[in-house]
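In what follows, a structure is listed as structure tokens, so that the remarks can point back to it.
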Amino acid sequence: PRFWSQLAIARSEIAPLDITLDCCVDTTPDSEVLHQLLDVVLPEIDRWEGVSVVAHHCYTLAYVGRLFSDLHAPNLRSLRLALTGKGPPGDQSVIVPNLFQRGAPRLSHVYLYSVGLPWEASMLLRGLTCLDLRWMWNETKLTYHQFRAILAACPDLKELVLRGLYIDLQAAVHY
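Residues in the sequence shown are numbered from 1181 upward in steps of one, following the numbering used here.
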């Protein structure tokens, strides 16, 4: 039931939150369900320790990305954005322009599945220890130079995962 999210937030009092927004059923950018979920979790951003957003449709992740763009998440450690690929044809990837532009200083783990960022300019990637990129399609592929820029921004990177059928890093070539 939808009221459970409000109940869970209330009962958790001041504890850190791991939030999963499952946007696979009845959640489009204009859906009441998505707005109700976001109305419950956005005010608690100072308590976010982990956030995962999973969606069937790219426009839902793009919408959530726009909402997250100008936020400050002081305690966020883990972020996962996943597009399932179960949407209609042509709905296989999405680029999210900006995330947490006001900062996420404790962020250490980022998981992006069929989701791209403006790789060279993303402050989100600074200081990561884990980066997991899966299913990078045409619009979200990295050039070799973008990949090197990510590695330079993450000197403490301990875990790098590249998965999918289109991974072949070569200098100055898309993989």
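Every residue, glycine too, gets a C-beta built ideally from N, C-alpha and C.
Suppose the cutoff is 6 Å on Cβ atoms and the five residues either side in sequence are ignored; what does the same chain contact list for residue i look like?
{"i": "histidine 1252", "result": "Arg1282 and Gly1283"}
{"i": "alanine 1262", "result": "Val1234 and Tyr1293"}
{"i": "valine 1244", "result": "Val1233"}
Hey, could you find the ends of the beta strand (DSSP E) residue i is sitting in?
{"i": "histidine 1289", "result": "1289–1293"}
{"i": "aspartate 1357", "result": "The chain is shown from 1181 up to 1355; residue 1357 falls before or after that span and cannot be answered."}
{"i": "isoleucine 1199", "result": "1197–1203"}
{"i": "tryptophan 1228", "result": "1228–1235"}
Please work out which residues of its chain come closer than 7 Å, Cβ to Cβ, to residue i, disregarding the five sequence neighbours upstream and downstream, and give them in chain order.
{"i": "serine 1356", "result": "Since the first residue shown for the chain is 1181 and the last is 1355, residue 1356 is missing from the structure and cannot be characterised."}
{"i": "leucine 1197", "result": "Glu1224, Arg1227, Trp1228 and Glu1229"}
{"i": "cysteine 1203", "result": "Leu1214, Val1233, Val1234, Ala1235 and Thr1240"}
{"i": "leucine 1340", "result": "Leu1311"}
My assumption, with CB atoms under 8 Å, is that residue i sits in contact with residue j. Please give the rounded CB distance.
{"i": "arginine 1246", "j": "tyrosine 1291", "result": "About 20 Å separates the two Cβ atoms, so there is no contact after all."}
{"i": "leucine 1322", "j": "tryptophan 1299", "result": "6 Å"}
{"i": "serine 1288", "j": "leucine 1304", "result": "Between leucine 1304 and serine 1288 the Cβ distance is about 11 Å, and since that is not below 8 Å, they are no contact."}
{"i": "asparagine 1278", "j": "serine 1258", "result": "Not really, about 19 Å apart at Cβ, beyond 8 Å."}
{"i": "glycine 1296", "j": "isoleucine 1330", "result": "Their Cβ separation, rounded to whole angstroms, is 12 Å, which puts glycine 1296 and isoleucine 1330 out of contact at 8 Å."}
{"i": "proline 1285", "j": "proline 1335", "result": "Wrong, their Cβ atoms sit about 16 Å apart, outside the cutoff."}
Hey, quick one: how far does the alpha helix (DSSP H) through residue i stretch, first residue to last?
{"i": "aspartate 1336", "result": "Counting along the chain, aspartate 1336 falls outside any alpha helix (DSSP H), and DSSP gives it neither H nor E."}
{"i": "cysteine 1238", "result": "1238–1248"}
{"i": "arginine 1191", "result": "1183–1192"}
{"i": "aspartate 1219", "result": "1212–1221"}
In or out: residue i buried (at least 16 other Cβ within 10 Å) or exposed?
{"i": "lysine 1338", "result": "exposed"}
{"i": "arginine 1328", "result": "exposed"}
{"i": "threonine 1200", "result": "exposed"}
{"i": "alanine 1235", "result": "buried"}
{"i": "leucine 1222", "result": "exposed"}
{"i": "serine 1273", "result": "buried"}
{"i": "phenylalanine 1183", "result": "exposed"}
Is there a Cβ of chain C sitting closer than 8 Å to that of residue i, yes or no?
{"i": "tryptophan 1184", "result": "Annotation note: the requested chain C is absent from the structure, which comprises a single protein chain."}
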